[in-house]
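Notes follow once the structure below has been shown.
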Amino acid sequence: MLEHLPEDIRQGIAAAQRRSLRRGSRLCVHVNDAVFPVLRLWETGFAVDARRVPRLRGLVDIYDGPRHIRQCLIIASENDGNEMSYDFKRATVIAEDPVRDYADDSTPPSGYLPRPA
């Protein structure tokens with residue numbers, strides 16, 4: 016259907032779709048001191064706007080707004096003209112709670128006795 020439209024209208028529609036992806040997502044990738052918006056995130060990688068983001072590689076951090084969600088080692092996967100995809104070599108999910116360095120030996124109660132009436 017879009018092939019019947021003039022070229023400038025097709026480019027305008029594509030630009031509007033890219034803008035809506037950028038605005039709709041709170042995800043961003045942090046590389047050293049630079050921050051770039053993430054267009055899409057999936058289990059094994061993510062995609063950014065190829066025209067606005069320089070070629071990335073190495074260790075990056077992914078944030079959802081102010082919340083740090085992953086630390087990843089990435090490699091470039093595929094350039095689809097306007098979108099650059101990256102694959103995770105390693106993706107460490109950031110835990111909300113601190114890691115314990117001891118075993119928790121306390122056992123919670125298995126049940127409560129009924130109260131006498």
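Heads up, the sequence shown is in the numbering used here, so the first residue is 16 and it goes up one at a time. Built from N, CA and C at the ideal position, the CB exists for glycine as well.
Given a cut-off of 8 Å, decide if L56 and L42 are closer than it, judged by their beta-carbon atoms.
-> As a position in the sequence shown, residue 42 is number 27, starting the count at 1. As a position in the sequence shown, residue 56 is number 41, starting the count at 1. Contact: yes.
For the beta strand (DSSP E) holding T122, just list the boundary residues, first then last.
-> The residue given as residue 122 occupies position 107 in the sequence shown. T122 -> no beta strand (DSSP E), and no H or E assigned at all.
Residues bridged to P52 [DSSP beta-bridge criterion] = Along the sequence shown, one-based indexing puts residue 52 at 37. Answer by DSSP bridge pairing, in chain order: C43.
Can you give the beta carbon distance from F51 to Y101, rounded, assuming they're within the 8 Å contact cut?
-> Taking the sequence shown and counting its residues from 1, one reaches residue 51 at position 36. Taking the sequence shown and counting its residues from 1, one reaches residue 101 at position 86. In fact, because the Cβ distance is near 11 Å, the residues do not count as touching under 8 Å.
Buried or exposed: I28, going by 16 or more other Cβ atoms within 10 Å of its Cβ?
-> Numbered from its first residue, the sequence shown carries residue 28 at position 13. I28 comes out exposed.
Quick one: using the 10 Å Cβ neighbour count with 16 as the cut-off for buried, is L54 buried or exposed?
-> Counting from 1 along the sequence shown, the entry for residue 54 is found at position 39. So L54 counts as buried.
C-alpha distance - L74 paired with C87, whole-angstrom precision | Position 59 of the sequence shown, counted from the first residue, corresponds to residue 74. Position 72 of the sequence shown, counted from the first residue, corresponds to residue 87. Using only the alpha carbons, I get a separation of about 6 Å.
With DSSP as the reference, label G73 as helix, strand or coil.
-> Position 58 of the sequence shown, counted from the first residue, corresponds to residue 73. Strand at G73.
Beta-carbon gap between N94 and A65 smaller than 8 Å | Indexing the sequence shown from 1 puts residue 94 at position 79. Indexing the sequence shown from 1 puts residue 65 at position 50. Going by C-beta atoms, N94 is nearer than 8 Å to A65.
Out of R25, D76 and A30, point me to the one whose CA is closest to V46's CA.
-> The residue labelled residue 46 in the question sits at position 31 within the sequence shown. Taking only the C-alpha atoms, the option nearest V46 is D76.
Using the rule of at least 16 other Cβ atoms within 10 Å of the residue's Cβ for burial, across every protein chain shown, is I90 buried or exposed?
-> Within the sequence shown, the letter at position 75 stands for residue 90. Exposed, by the Cβ-count rule.
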